[in-house]
Each structure stands twice: as C-alpha cells, then as structure tokens.
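Numbering (this note's numbering), first residue to last: 653 to 998.
Okay, structure coming up:
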C-alpha cells in the first residue's frame with residue numbers, strides 16, 4: 653500500500669483518512685493548526701469535528717504541508733472551497749513527484765463560478781498530477797467515521813484514473829462507484845447544498861414534510877437545468893451525486909446546510925447562524941455563485957433566487973417560501989421534457 657496524503661483535518665477529511673487507514677494505506681493528514689495535529693497524534697481523536705470517534709493510530713497528522721505530501725501517490729484535497737485556491741497555490745511548491753489529485757469538496761467559487769476541479773487545474777501545473785478526480789455522494793462524515801454503510805461516486809476525465817481512486821477507497825462499508833460525468837458529479841454535490849438550506853428554512857418555519865418534499869423535488873429540477881446547460885448529463889442527477897446527496901443533505905440533522913437553514917427559518921440572522929455553526933456552510937457561498945451563474949446561463953432557478961434574496965437581500969424567510977409555493981402553474985415534467993429535447997437536438 654502506498655502513501656496517501658489527506659489535506660484538511662475537518663470532519664470529512666478525517667473521516668476519509670479513517671477509511672484509507674482501514675484499507676491499510678500509509679495515511680498522512682495535513683492539519684492547518686499544530687494543536688489539532690498534536691491531538692490526532694497523541695490522543696487519536698479529533699473532538700471538535702468528530703466527537704467520540706477513536707482514530708486509527710496509523711493516521712499521522714502534521715501541520716507541515718511538504719512533509720505530508722512528500723512521496724504521496726495520492727493527494728486527497730478536503731478543504732473548504734474558499735480555501736482551495738490558496739491551498740493549491742501552496743501545494744504546487746512542495747510537490748516533487750507526480751500524484752493523482754482527488755478532491756472531496758462541494759462548492760462553486762464565487763466570482764469565477766469555477767468548479768473545484770477547474771480551480772485545481774488553474775493553480776497546479778499539469779505535469780505535477782496524473783488527473784484530477786472528484787469524490788462525491790450522500791456521505792455524512794459522522795456516519796462514515798462510525799463505519800456505517802456509505803456509497804459514493806468518483807469521476808475524472810480519464811475513467812481509468814477514477815478506477816484507481818475507487819480501488820484506494822473501496823471497502824465493505826465504503827462502496828465506491830465510477831462515473832464518466834465529471835461536470836454533473838461536481839455540480840450535483842455543490843448545488844444540493846442550496847436546496848438543503850431551503851429545506852432547513854422550511855422546517856425552521858414549522859412547515860411540514862409536504863412543503864419540504866416539494867422543495868427537494870423542484871430543487872432537483874433546477875439543479876438539472878443548470879447542470880445540463882453547463883454540459884452535464886441529466887441522468888447523472890438521478891444518481892448518488894444528484895438525488896441521493898440531495899435527500900441526505902435535506903433531511904438529516906448531520907447536515908450543516910440543513911441546520912443553518914433551520915436556524916434562519918427560526919429568525920436568526922446569517923452572521924449569527926454562521927458564528928453558531930463554527931464550521932463552513934458551503935451552501936451560503938455556493939448560493940451566491942450559482943445565482944450569478946444561472947443569470948449568465950439564462951437558466952431559471954427560483955429556489956436558488958429565493959435563497960439568495962434571503963441571505964443577501966434580507967428578504968423574510970416566510971415570504972421566500974410562500975413565494976416559491978405559490979408560483980405560476982406549469983406542467984410538472986416540463987423541465988425534464990425541455991432538457992431531453994435539447995439533448996436530442998444537439
């Protein structure tokens with residue numbers, strides 16, 4: 653088993669490091685703070701992000717990036733989207749050997765509207781990596797760290813490279829599928845966080861399961877609209893990284909985006925909510941990026957627009973949800989029909 657470097661010692665990065673350690677790999681985990689690296693090495697815990705989980709002693713943490721990546725055959729990037737460009741800028745200066753780069757971050761970069769794989773390719777010279785792979789799917793770190801059954805998808809421009817990453821991660825509890833649709837896999841993972849904010853807002857307002865089911869279903873339709881306009885296969889959104897990730901993120905209390913939305917629905921303001929969360933809520937930044945991207949693409953995304961107005965224009969949560977539930981009548985399958993017609997005519 654070769655050396656694998658995991659960059660990012662938050663809940664998801666630590667959970668993936670645990671999976672890799674279970675598979676017998678030499679796992680080196682990069683932590684931004686030395687105190688966190690010391691905790692992982694000395695007590696084999698990461699109580700801030702994964703409380704109550706005992707980590708394998710084979711996971712070695714370090715706050716020195718060069719030490720962590722030196723000699724690694726696989727580098728797994730699990731840092732927040734807002735930090736990805738900065739971390740990649742550091743990474744390219746310490747990489748010596750060619751490696752496979754895999755990211756497990758779910759977001760879109762505001763301002764540039766780039767997917768995470770595009771950010772990585774812009775920052776790191778192509779001669780330093782074999783390919784850029786995305787790992788995504790319905791996967792709460794809390795459950796993965798307890799070795800509960802989880803299924804994810806990996807995708808890359810070169811499918812054979814995705815299969816190498818599949819082999820590195822797959823085990824009895826952590827099942828890994830491959831997909832040829834890199835764009836769809838990335839966008840599904842990023843955009844579902846917006847809909848999860850909406851589902852949390854609906855719950856926080858005291859609305860029932862009927863309203864949340866409507867938001868999830870119509871949310872999937874607008875994810876598919878934007879994704880297809882950017883080159884994704886619409887069928888990808890019916891799989892693990894589309895409807896699968898959407899369901900788990902919109903219905904689970906493990907979901908940061910759902911929890912943040914719930915607090916917003918109860919009347920807390922955005923700054924207060926983000927401070928209470930103590931961890932990155934990717935859906936907030938992704939909402940801003942997706943709102944502008946949809947305008948640029950000429951794609952209608954009413955839920956995203958409503959969430960944007962709530963987050964950044966101080967519109968009342970109840971007004972946003974009520975507007976979404978009383979929109980103009982239309983045929984339910986109109987979105988899917990239009991998408992399929994466009995594909996047929998390409």
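No residue lacks a Cβ here, since even glycine has one placed at the ideal position from N, Cα and C.
Note that the coordinates shown come from a computational prediction; the quantities given were computed from them, not determined experimentally.
### Message
Under 8 Å: do the region 772 to 782 and the region 951 to 967 share three or more Cβ pairs, one atom per stretch?
### Response
no
### Query
Relative to the C-alpha of residue 918, which residue among 946, 950, 849 and 977 is closest?
849
### Query
For residue 767, which residues does DSSP report across the bridge?
760
### Query
If we ignore side chains and look at the alpha-carbon of each, how far apart do residue 793 and residue 779 end up?
32 Å
### Query
Under the rule that 16 or more other beta-carbon atoms within 10 Å means buried, what is residue 901, buried or exposed?
buried
### Query
Touch check for the region 936 to 950 and the region 748 to 763: three-plus C-beta pairs under 8 Å?
yes
### Query
What did DSSP end up calling residue 827 once you bin it into helix, strand or coil?
strand
### Task
Pull up the distance between the alpha-carbon of residue 747 and that of residue 721, whole angstroms please.
7 Å
#### Entry: Buried versus exposed, by CB contacts within 10 Å (16 or more), residue 864
buried
### Query
Which residues in the same chain as residue 915 place their Cβ atom closer than 6 Å to its Cβ, once the five residues preceding and following it in sequence are excluded?
925
### Task
Alpha carbon to alpha carbon, how far is residue 826 from residue 878? Give it in angstroms, no decimals.
30 Å
### Query
Counting Cβ pairs, one atom from each stretch, are 3 or more of them under 8 Å apart for the region 868 to 875 and the region 807 to 819?
no
### residue 662 (DSSP reduced to helix, strand or coil)
coil
### Cβ pair residue 892, residue 790 closer than 8 Å
yes
### Message
Here's the rule: buried if 16 or more other CB atoms are within 10 angstroms of the residue's CB, otherwise exposed. What is residue 887?
### Response
exposed
### Query
Is it buried or exposed for residue 691, if we count other Cβ within 10 angstroms and need 16 for buried?
buried
### Task
Give a yes or no on whether the C-beta atoms belonging to residue 657 and residue 724 are separated by under 8 Å.
yes
### Message
Give me the DSSP bridge partner(s) of residue 678.
### Response
655
### Message
If contacts are defined as beta-carbon pairs under 8 Å, then residue 820 and residue 677 qualify, I think. What distance do you get, rounded to the angstrom?
### Response
7 Å
### Query
How would you label residue 980, buried or exposed, when you count the other beta carbons within 10 angstroms and need 16 or more for buried?
Residue placement at residue 980 is flagged as unreliable, the pLDDT there being 49, under the threshold of 50; the coordinate-derived value follows with that caveat. With fewer than 16 Cβ atoms within 10 Å of its Cβ, residue 980 is classed as exposed.
### Query
Any idea what DSSP makes of residue 809, helix, strand or coil?
coil
### Query
Between residue 969 and the rest of its own chain, which residues show a CB-CB distance below 8 Å, the 5 nearest in sequence each way excluded?
853, 856, 857, 916, 917, 919 and 962
#### Entry: CB-CB length for residue 734 against residue 777, believed under 8 Å
The pair is not a contact, with the Cβ atoms about 23 Å apart (cut-off 8 Å).
### residue 943 - DSSP class collapsed to helix/strand/coil
helix
### Message
To the nearest angstrom, how far is the alpha carbon of residue 665 from that of residue 964?
### Response
30 Å
### Task
Decide if residue 685 is buried, meaning its Cβ has at least 16 other Cβ atoms within 10 Å, or exposed.
exposed
### Query
What is the DSSP secondary structure of residue 980, reduced to helix, strand or coil?
Legend: pLDDT at residue 980 = 49, less than 50; position of this residue unreliable, value from coordinates given subsequently. It is coil, neither helix nor strand.
### Task
Identify the continuous beta strand (DSSP E) that holds residue 781 and give its terminal residues.
781 to 788
### Message
Using only CA atoms, which one of 660, 846 and 910 lies nearest to residue 736?
### Response
660
### Query
So, are the CB atoms of residue 732 and residue 936 less than 8 Å apart?
no
### Query
Can you name, in chain order, every residue of its own chain whose Cβ lies under 6 Å from the Cβ of residue 741, other than the five neighbours on each side?
775
### Query
Helix, strand or coil: how does DSSP classify residue 712 here?
strand
### Query
Of the residues 959, 875, 949 and 978, which one's Cα is nearest the Cα of residue 910?
959
### Task
Express the C-alpha separation of residue 922 and residue 930 in angstroms, rounding to a whole number.
13 Å
### Query
Buried or exposed: residue 767, going by 16 or more other Cβ atoms within 10 Å of its Cβ?
buried
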